[in-house]
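K.L.:
Take the sequence shown: its position 6, counting from 1, is numbered 23 in the numbering used here, and each next residue is one higher.
Just so it is clear, CB atoms sit at the ideal spot from N, CA and C, and this is done for glycine as well.
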Amino acid sequence: MSLTCPTCGSKTNELIECENCGKIGCPRCMKKKDGKWVCLDCWKEKPTEENVPNIFSMFG
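1. Between the beta-carbon of C38 and the beta-carbon of T29, is there less than 8 angstroms?
2. Measuring only the C-alpha atoms, how far is E40 from E34?
3. If we ignore side chains and look at the alpha-carbon of each, how far apart do S27 and E36 end up?
4. Where do the ends of the beta strand (DSSP E) carrying K50 lie?
5. Please name the residue or residues paired with G42 in a DSSP beta bridge.
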């Protein structure tokens, strides 16, 4: 059974859901990051202040 990827339009046998934002895509549109499947938008996303620990809070 051949499916069409809603993200890139390519033919695929498998669709994967991004574990961050819920976007659906084929294995070409998704990457493994820290053990989770994420879309390319989430893969390229820069860490926000919430995600980065503040090391300076230890000093004052």
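P.N.:
Judging by the given coordinates:
1. Position 21 of the sequence shown, counting from 1, holds the residue named residue 38. Position 12 of the sequence shown, counting from 1, holds the residue named residue 29. No, the Cβ-Cβ distance between C38 and T29 is not below 8 angstroms.
2. Walking along the sequence shown from the start, residue 40 turns up at place 23. Walking along the sequence shown from the start, residue 34 turns up at place 17. Strictly speaking, residue 40 in this sequence is Lys, with Glu absent from that position. Going from the Cα of K40 to the Cα of E34 covers about 6 angstroms.
3. Translated into the one-based positions of the sequence shown, residue 27 becomes position 10. Translated into the one-based positions of the sequence shown, residue 36 becomes position 19. Approximately 21 angstroms, taken between the alpha carbons.
4. To locate residue 50, count along the sequence shown from 1; it is residue 33. Note, K50: beta strand (DSSP E), 47-50.
5. On the sequence shown, residue 42 is found 25 positions in, with the first residue counted as 1. According to DSSP, G42 bridges with I33.
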